[in-house]
Amino acid sequence: TSQLRAALPKLWRCKGSTGQSEGQAAPEGLLRTEVKTLTFAEVRRCLRLRVPLLSKWARVSSDASLRRTLGLVAAKPAVKMRMGVRFQDPSKHGTWSVENLKGYKECRLGRLPQSRASQVSWHFYWASFRLQLIAGCSEVSLQRMLLTKEMRARVEKRRRGQVGGPLANEMVHVTAHSRREQAADRRKRIKVVRRAADLLPAVIMRPLCTTNLQRWTFIYLHGMGSTALGSYADRPQYFNDGTVALKVIIPTAPLREVSCFDSWWSKVKLKQEGKGHRWKLEKFNSWYDYTSNHHGRKEDTLDLDSLHAMQRSLHEIISREAGELSGRTDRIILGGKSQGCATALDAALTFPKRLGGFIGLVGHLLSCTPVDVDGPQRSTPLHFYHEVEDDIMQWHWVQKEEQRLRDAGYKVRSTKSKDPEGCGHFIGGIEGQWLRRSLRLMCGRQSS
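Taking the numbering used here, the leading residue of the sequence shown gets 76, the next gets one more, and so forth.
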């Protein structure tokens with residue numbers, strides 16, 4: 076019965092006579108209601124062709140058995156299917172920004188220009204399917220309702236010096252590891268710079284209208300070279316579909332020199348006109364310092380001190396968020412993209428208490444990250460998503476590190492699929508689909 080009920084959206088795609096439903100109270104957010112009539116023969120044919128698990132049953136079951144099973148399905152509540160968001164400009168010229176979504180509204184909170192927070196809303200679409208037996212004949216009526224729901228979130232762009240303060244205070248080296256080793260030679264005149272990594276500016280999304288919903292926190296790390304404001308401030312729909320009351324924290328990696336790019340100097344113009352130019356070593360927003368660059372052929376080496384500093388910073392954020400959740404670290408999920416995936420996974424596997432889950436996109440497990448057979452995250456769901464044409468995190472070596480987790484008994488769920496936009500490692504809007512899918516699975520498995 077459960078398998079047949081789950082197959083109702085596929086039954087709707089079968090050929091049949093379609094009409095409009097009348098005489099029913101319209102639920103809130105209803106766009107339209109349609110009804111399709113299918114004969115038992117059409118139901119059997121659809122199940123054989125579209126539902127492999129029910130193919131044999133549809134072929135050998137009698138009409139009486141089919142009617143009895145369809146009656147049980149008709150007595151169940153409607154099946155709901157998420158349809159996602161719709162775009163005002165769905166062409167290739169449109170963007171993934173929330174401003175391009177249908178139903179977009181934004182209200183700035185507080186007085187400008189001090190205010191950096193806003194309330195954002197957009198429309199999320201659903202389909203509801205309900206089956207009904209038609210008395211006196213071998214036919215069923217399948218109803219589809221198309222509905223929309225307003226999603227809302229408070230988006231805060233926290234910068235330095237603003238209310239809330241820094242996310243962390245761990246001291247990190249801005250100077251690359253390779254140049255620090257050369258600094259002992261005074262003739263090179265290399266200044267070693269060390270400063271507090273506040274992980275700002277950050278984007279913090281807070282849920283609105285959270286009555287009767289579980290409270291969760293998702294800490295998500297961007298990839299190398301990106302920033303929280305530049306990549307996610309305008310994309311709350313990547314994380315929120317109304318399943319749970321989800322708070323999202325997206326910090327920004329420290330701006331630092333990277334050892335494998337320590338010869339990348341750029342000529343910059345001095346601020347004062349007529350004063351000429353100077354040479355400047357390029358810096359990157361990077362969670363840790365790479366000491367090699369193998370161009371995706373194998374794992375790059377890194378400066379462990381820089382990784383451990385981020386590990387301590389993330390542990391500090393987790394502990395602080397757990398305080399807001401009454402100590403429930405199992406309601407905190409970590410995740411990241413590319414280098415952010417590796418950093419977040421290292422922090423998750425070294426945290427001393429059980430977490431709610433991990434979501435890693437186009438990234439990998441670092442070979443230096445410990446995988447304890449009896450570690451606190453052994454029963455934590457670990458979800459990985461890989462792009463099939465990713466030439467930066469190549470599967471032939473990424474899978475070996477992932478296998479380390481499986482061999483230790485961890486709950487690994489790994490998915491390989493193609494980005495419809497063809498972006499390879501630099502995935503586009505499929506990032507939001509992957510994140511929402513895993514968040515629903517992780518948050519929905521626990522009861523209140």
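The beta-carbon is built from N, C-alpha and C at its ideal position, and this holds for glycine as well.
Because the structure is a prediction, the values reported are computed rather than measured.
From what residue to what residue does the alpha helix (DSSP H) around residue i run?
i, result
"V148", "138 to 149"
"F115", "115 to 125"
"E374", "Taken as a continuous stretch (DSSP letters only), E374 belongs to no alpha helix (DSSP H), as it is neither H nor E."
"H252", "252 to 257"
"W171", "Taken as a continuous stretch (DSSP letters only), W171 belongs to no alpha helix (DSSP H), as it is neither H nor E."
"A81", "77 to 81"
"C518", "505 to 519"
"A133", "130 to 135"
"A328", "No alpha helix (DSSP H) contains A328, which DSSP labels as neither H nor E."
"A308", "That residue, A308, is in no alpha helix (DSSP H); it is neither H nor E in DSSP."
Residue range of the beta strand (DSSP E) that residue i falls in?
i, result
"C416", "It is not in any beta strand (DSSP E) - C416 instead sits in the alpha helix (DSSP H) that spans 414 to 425."
"Q207", "192 to 209"
"A320", "320 to 325"
"A277", "277 to 282"
"W291", "290 to 296"
"E245", "245 to 248"
"R479", "Premise fails: R479 lies in the alpha helix (DSSP H), 470 to 482, not in any beta strand (DSSP E)."
"G159", "154 to 159"
Hey, out of the options, whose CA is closest to residue i's CA?
i, options, result
"L86", "E214, N175, G169", "E214"
"L283", "V267, L424, A228", "A228"
"S203", "M226, L147, H252, G104", "G104"
"L409", "G402, I393, R403", "I393"
"L304", "M385, R234, V238", "R234"
"R488", "S454, V238, E357, H198", "S454"
"R219", "V278, M158, E225", "M158"
"S193", "L176, K232, E225", "K232"
"A149", "I209, L274, A384", "I209"
"L430", "P445, T444, R403", "R403"
"Y307", "T318, M280, C498", "M280"
"G240", "H439, D273, Q508, R123", "D273"
"G435", "F293, R261, S216, W132", "F293"
"H252", "C335, C212, S442", "C335"
"H168", "E496, K322, K224, L129", "E496"
"M124", "R107, K90, M156", "Residue 124 is actually Leu in this sequence, not Met. If we check each option's Cα against that of L124, K90 comes out closest."
"E109", "E117, F115, R88", "R88"
"L128", "F115, S166, L106, A81", "A81"
"N315", "V118, L457, K224, R143", "K224"
"G504", "V160, F433, T327", "V160"
By a C-beta neighbour count over all protein chains shown, 10 Å radius and 16 as the cutoff for buried, is residue i buried or exposed?
i, result
"I324", "buried"
"N287", "exposed"
"E374", "buried"
"M517", "buried"
"Q78", "exposed"
"C182", "exposed"
"Q163", "exposed"
"N525", "Since the displayed the chain opens at 76 and closes at 523, residue 525 lies outside it and no answer follows."
"T76", "exposed"
"V437", "buried"
"C121", "buried"
"G98", "Reliability fails at G98, whose pLDDT of 47 lies under 50, so the model's placement of it is uncertain and no value is given."
"V493", "Here residue 493 is Lys; the residue named in the question, Val, does not match the sequence. Per the 10 Å Cβ criterion, exposed."
"V448", "exposed"
"G211", "exposed"
"L548", "Because the chain spans 76 through 523 in this model, residue 548 falls outside it and cannot be assessed."
"E357", "exposed"
"L147", "exposed"
"G507", "buried"
"V343", "exposed"
"K412", "buried"
Relative to the ligand ADP, is the shortest distance from any of its heavy atoms to the C-beta of residue i smaller than 8 Å?
i, result
"L129", "No copy of the ligand ADP occurs in the structure displayed, which carries no ligand at all."
Could you tell me whether any Cβ in chain B is nearer than 9 Å to the Cβ of residue i?
i, result
"F501", "Reference to chain B is not applicable here, since this structure consists of a single protein chain."
From the DSSP output, which residues share a beta bridge with residue i?
i, result
"M220", "T108, S203"
"R353", "V343"
"H458", "I434, R488"
"E214", "T114, I209"
"M385", "Beta-bridge pairing links M385 to no other residue."
"R270", "V247"
"G410", "Y295, I434"
"L184", "A192"
"V230", "S193, M280"
"F336", "None, per the DSSP bridge assignment."
"N368", "Answer is none; N368 lacks a bridge partner."
Decide if the stretch 247 to 264 is in contact with the stretch 133 to 151; the criterion is three or more beta carbon pairs, one per stretch, under 8 Å apart. Output reads no: the stretch 133 to 151 does not touch the stretch 247 to 264.
Can you confirm whether the stretch 263 to 270 touches the stretch 297 to 315 when touching is taken to mean that 3 or more C-beta pairs between the two stretches lie within less than 8 Å? Remark: fewer than three beta-carbon pairs, one from each stretch, lie closer than 8 Å, so the stretch 297 to 315 and the stretch 263 to 270 are not flagged as touching.
At least three beta-carbon pairs within less than 8 Å, the stretch 305 to 313 to the stretch 392 to 401: The answer is no - the stretch 392 to 401 does not touch the stretch 305 to 313, with fewer than three Cβ pairs under 8 Å.
For the stretch 317 to 334 and the stretch 168 to 182, state whether three or more C-beta atom pairs, one from each stretch, are separated by less than 8 Å. In short, these stretches do not touch, since the Cβ pair count stays below three.
On the three-pair Cβ rule with 8 Å, is the stretch 204 to 212 touching the stretch 245 to 252? Verdict: no, contact absent.
Evaluate contact between the stretch 410 to 423 and the stretch 348 to 368, counting only Cβ atoms and requiring at least three cross-stretch pairs below 8 Å. Yes, the stretch 410 to 423 is in contact with the stretch 348 to 368.
Quick check: the stretch 506 to 515 against the stretch 476 to 484, are there 3 or more CB pairs under 8 Å? Pairwise C-beta distances place the stretch 506 to 515 out of contact with the stretch 476 to 484, as fewer than three of them are shorter than 8 Å.
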